[in-house]
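In the numbering used here, the protein residues as written are 8 to 540. Structure, as C-alpha cells:
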Amino acid sequence: MNRVNKTEETFALTTPLYYVNDLPHIGSAYTTMAADTIARFQRLLGRSVLLVTGTDEHGQKIERSAEAKGLKPQEFCDEIVPNFISLWKLLNIQYDRFSRTSAPRHEAIVKEFFMRVWEAGDIYLGQQKGWYCVSCEEFKEERELLPGNHCPIHTNKQVEYRDEENYFFRLSKYQDKLLALYEEQPELIQPASRRNEVLNFVSQGLQDFSISRVNLDWGFPVPIDDKHTLYVWFDALLGYVTALLEPDDEPTLEAALKKWFPFDIHLIGKDILRFHAVYWLAMLMSAGLPLPRKVFGHGFLTKNGQKMGKTLGNTIDPVALVDSYGTDAIRYYFLKEIEFGKDGDFNEVRFINVLNADLANDLGNLLNRSLNMVKKYCGGNIPLVISEDITANNPLKVIGLNLGEQVKNAYETLAFSQACGATLSLVQASNKFIDDQAPWALYKSGQQAEVERVLYAVLESVRLAAYLLSPVIPNISSSAYQQLGFDIDFNNQIASTIAAPYDVHAQWGLLSSEQKLGTPQPIFKRIELPKND
Ligand code: MSP
Numbered sequence: 008m009n010r011v012n013k014t015e016e017t018f019a020l021t022t023p024l025y026y027v028n029d030l031p032h033i034g035s036a037y038t039t040m041a042a043d044t045i046a047r048f049q050r051l052l053g054r055s056v057l058l059v060t061g062t063d064e065h066g067q068k069i070e071r072s073a074e075a076k077g078l079k080p081q082e083f084c085d086e087i088v089p090n091f092i093s094l095w096k097l098l099n100i101q102y103d104r105f106s107r108t109s110a111p112r113h114e115a116i117v118k119e120f121f122m123r124v125w126e127a128g129d130i131y132l133g134q135q136k137g138w139y140c141v142s143c144e145e146f147k148e149e150r151e152l153l154p155g156n157h158c159p160i161h162t163n164k165q166v167e168y169r170d171e172e173n174y175f176f177r178l179s180k181y182q183d184k185l186l187a188l189y190e191e192q193p194e195l196i197q198p199a200s201r202r203n204e205v206l207n208f209v210s211q212g213l214q215d216f217s218i219s220r221v222n223l224d225w226g227f228p229v230p231i232d233d234k235h236t237l238y239v240w241f242d243a244l245l246g247y248v249t250a251l252l253e254p255d256d257e258p259t260l261e262a263a264l265k266k267w268f269p270f271d272i273h274l275i276g277k278d279i280l281r282f283h284a285v286y287w288l289a290m291l292m293s294a295g296l297p298l299p300r301k302v303f304g305h306g307f308l309t310k311n312g313q314k315m316g317k318t319l320g321n322t323i324d325p326v327a328l329v330d331s332y333g334t335d336a337i338r339y340y341f342l343k344e345i346e347f348g349k350d351g352d353f354n355e356v357r358f359i360n361v362l363n364a365d366l367a368n369d370l371g372n373l374l375n376r377s378l379n380m381v382k383k384y385c386g387g388n389i390p391l392v393i394s395e396d397i398t399a400n401n402p403l404k405v406i407g408l409n410l411g412e413q414v415k416n417a418y419e420t421l422a423f424s425q426a427c428g429a430t431l432s433l434v435q436a437s438n439k440f441i442d443d444q445a446p447w448a449l450y451k452s453g454q455q456a457e458v459e460r461v462l463y464a465v466l467e468s469v470r471l472a473a474y475l476l477s478p479v480i481p482n483i484s485s486s487a488y489q490q491l492g493f494d495i496d497f498n499n500q501i502a503s504t505i506a507a508p509y510d511v512h513a514q515w516g517l518l519s520s521e522q523k524l525g526t527p528q529p530i531f532k533r534i535e536l537p538k539n540d
C-alpha cells in the first residue's frame, strides 16, 4: 500500500508515546518541547503540520504500577493521562493528535497490521529465554547487565528471567534490507553517532524478537491466538498510525494512511532508538508500508550524570519549573543550552544565569532600550528609513541578511541550540552597535538622520530576532512583535502563518515606518539567584 496524498506541503511528526507509569517529568517534556518547536517552525514555512503525541498504556510496567495503586489498569491510565494533557498545555504545546494505545480503535489498527505481517510469513511461535527489564519492557543481553542483575538504564531495577512460549517477529530476515536502506538514505537516522550505533548493531546480526507475552493480561490479545497478549512495543509503535485517523474515520489502515503517512520525523530519546530505527522499520517493511523520512534520537537530561527518570526517581517536576520561571524560560533553556542529540545536565544556577543573560539582559534589554530611544529621539515612531538606506557594511545588516537562511537550516536539521545562538549573536551585535554609535550623542549633535538609521537598524534586528525565536519562545516573541507594532500572536497558528510567513518575516529590512509602535513592556523579568544560607 503506497501513500496516496502525501505532498511536500504536509509535515507529520511524532513524539514518543509516553509510558503512564507515573506523572510526566522533565524528560518527557523535553522531547515534546522540541517537537512543538519543529512543528511551529514548519508552520511558519507554510506547511500543513500534524504533531502526534500521546501515551503508551499497555504492558507489564503499567499493569504493575496500577496494581501498586490498587487500581484497574484502565482506571490507572485514565488518572495519569490528564496530567500529560495539562502539562502540554502548560508548556504551550500545540499538538494535533493525542494517541492513547488503550483506545478501542487502536486495537482494530493493530489487528489489521498484525495480520499483514502474519500473512507475509513473518510471525511464528517459538520459545523465549532471557533477561527482561520490565521498566524498559525489553529483553537484555546478559553481558549488558550490571552486577546483581541490574538493568543498565534503570540501575535500581533487577531484570527478571523468562522462559516462555512467545510469538516471534522474523527480524533476522530484514537485516540486509535494513543495511541497504541505511546506505541509501544516510539522513534517515540522526544524529550521525546514533546512525553509527544502529549500523553496528544491525551489522552484528539481528535476532528475531518476541512480540507476545503469556503472563500478561493488560494488552491486546494476539489476533490469531488469544492465549497470548501482544507485546507492548508492537502495539505502541502502531499508536503513531492510529493517531492519523480522523475522528469520523473507520479504523482501517487505509483510512489512517491516506493523508499524512509516512512520517517526516519520529523524535525520540536515544534509549528507544533500536525500536524505531530497527524494529519499526522492519515491521513496516514486512507490512509493505512506506518508511519514515527521519528518526532523530536525542540525548538524556541528566542529574549528576545519571538519566533523569520516573523509575530512578531523580527527576525535576516540570510543573514546578514552569510555576517558578514561566513556559518560555523552560523551553528556551532546554533547547538553547543542550545541543540536541547530546546529553545535558540540569543545574539550577546555570539555568538562571542563561535566562538572565540571554532573555533579560540581551533580548529584553535591547527591545526596551531601543523603544525608549525611539520615543526620546524620534517622537515614538519607527523612523522613515528603508533597508536600502542602510549601508551594506552596517554590522547588523551584514548579520541580518544571512540570518534567516542560516536559522532555517538550523531548525531544519534540528540544531535548536544553533538557531538560538545565531539569533542571539544578532541581538548581542545590536546592543554593541547602540553602545558604539551612541545615538544619544548623535542626537545631541543634531545628526537626526543618522540617529534614525541607527535606531531603524536596531529595531529591525530585534524584530528579526523575535521572529526567528518564535518557535522556541512564542509568548516572548509575540509580546516583542506587538510592541513593535505587529498585530501578530505566534500562538495563533493560522493567523501567524498567514500574517508572518517565513519567506517574508525572516528577511532583514521588513520593518516599515507605517507601523505604530506599542507600549514598551519588559518581555522577561530578571530572575534572582536563590540565596544559599
Ligand atoms: N513508551 C515508550 C515509547 C513508545 S513510542 C511508540 C517509552 N516511554 S517513556 O515514557 O519511557 O519515554 C518516552 C521518551 O522520553 C523517550 O524518548 C525517552 O528517551 C524520553 N525520556 C525519558 N527520560 C528522559 C530523560 N531523562 N532525558 C531525555 N529524555 C528522556 O519509552
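Backbone N, C-alpha and C define an ideal beta-carbon position, used for all residues, glycine too. Quantities reported herein were computed from a predicted structural model and do not represent experimental measurements.
Does residue i come out as helix, strand or coil in the three-state DSSP assignment?
| i | result |
| --- | --- |
| Q522 | coil |
| A19 | strand |
| F216 | strand |
| I92 | helix |
| K68 | helix |
| P228 | strand |
| S142 | coil |
| T162 | coil |
| Q101 | coil |
| Y26 | strand |
| V302 | strand |
| E277 | Residue identity check: residue 277 is Lys in the sequence provided, not Glu. Note: K277 maps to helix in three-state DSSP. |
| Q313 | strand |
| T236 | strand |
| F241 | helix |
| V347 | With the sequence shown as reference, residue 347 is identified as Phe, and Val is not the correct amino acid for it. Looking at F347 - three-state DSSP - the assignment turns out to be strand. |
| D352 | strand |
| S485 | helix |
| L78 | coil |
| S106 | strand |
| E535 | coil |
Check for me: the beta strand (DSSP E) holding residue i runs from which residue to which?
| i | result |
| --- | --- |
| V361 | Careful: V361 lies outside any beta strand (DSSP E), inside the alpha helix (DSSP H) at E355 to L362. |
| G61 | S55 to D63 |
Grab the span of the alpha helix (DSSP H) containing residue i for me, first residue to last.
| i | result |
| --- | --- |
| G428 | F423 to Q444 |
| K404 | P402 to E419 |
| V205 | A199 to S210 |
| Y168 | Premise fails: Y168 lies in the beta strand (DSSP E), E167 to F176, not in any alpha helix (DSSP H). |
| G34 | I33 to L51 |
| V461 | Q455 to L476 |
| A263 | L260 to L264 |
| H283 | Neither: H283 is in no alpha helix (DSSP H) and is coded neither H nor E. |
| W287 | W287 to S293 |
| I337 | T334 to E344 |
| L319 | Segment: none, L319 is in no alpha helix (DSSP H) and carries neither H nor E. |
| Y189 | Q182 to E191 |
| A250 | Here A250 belongs to no alpha helix (DSSP H), and DSSP marks it neither H nor E. |
Pick from the options: whose alpha carbon is nearest that of residue i?
| i | options | result |
| --- | --- | --- |
| N548 | L308, L391 and Q500 | The structure shown does not extend to residue 548, since the chain is modelled only from 8 to 540, so the question has no answer here. |
| L408 | L421, A422, Q425 and A429 | A429 |
| Q313 | S424, G351 and R177 | G351 |
| Q455 | Y384, Q514, L421 and I480 | Y384 |
| H283 | P258, E204 and P230 | E204 |
| D335 | G77, D43, E257 and E191 | D43 |
| E114 | Q522, L374, Q489 and P228 | P228 |
| I196 | L536, L251, L421 and Y102 | L421 |
| F91 | S106, K79, G77 and L78 | S106 |
| E145 | Q435, Y474, E190 and R220 | R220 |
| L378 | Y488, L213 and E257 | Y488 |
| F48 | H512, P31, L24 and C84 | H512 |
| A426 | L476, P402, A399 and I389 | L476 |
| L52 | I505, L245 and W287 | I505 |
| D443 | E346, M292 and V458 | V458 |
Nearest chain C C-beta to residue i closer than 7 Å, yes or no?
| i | result |
| --- | --- |
| T309 | Absence of chain C from the displayed structure is noted, only one protein chain being present. |
Is any heavy atom in ligand 3 found nearer than 6 Å to the beta carbon of residue i?
| i | result |
| --- | --- |
| N499 | In terms of ligand content, the structure shown lacks ligand 3 and carries ligand 1 instead. |
Give the residues whose C-beta lies closer than 6 Å to at least one heavy atom of ligand 1, in chain order. P23, L24, Y25, Y26, G34, S35, Y37, T38, D63, A243, L244, G246, I275, G276, D278, I279, F307, L308, K314, M315 and G316
Inside the region 112 to 159 only - alpha helix (DSSP H) runs reaching at least 4 residues: The DSSP assignment places no complete run of the alpha helix (DSSP H) inside the region 112 to 159 (cut-off: 4 residues).
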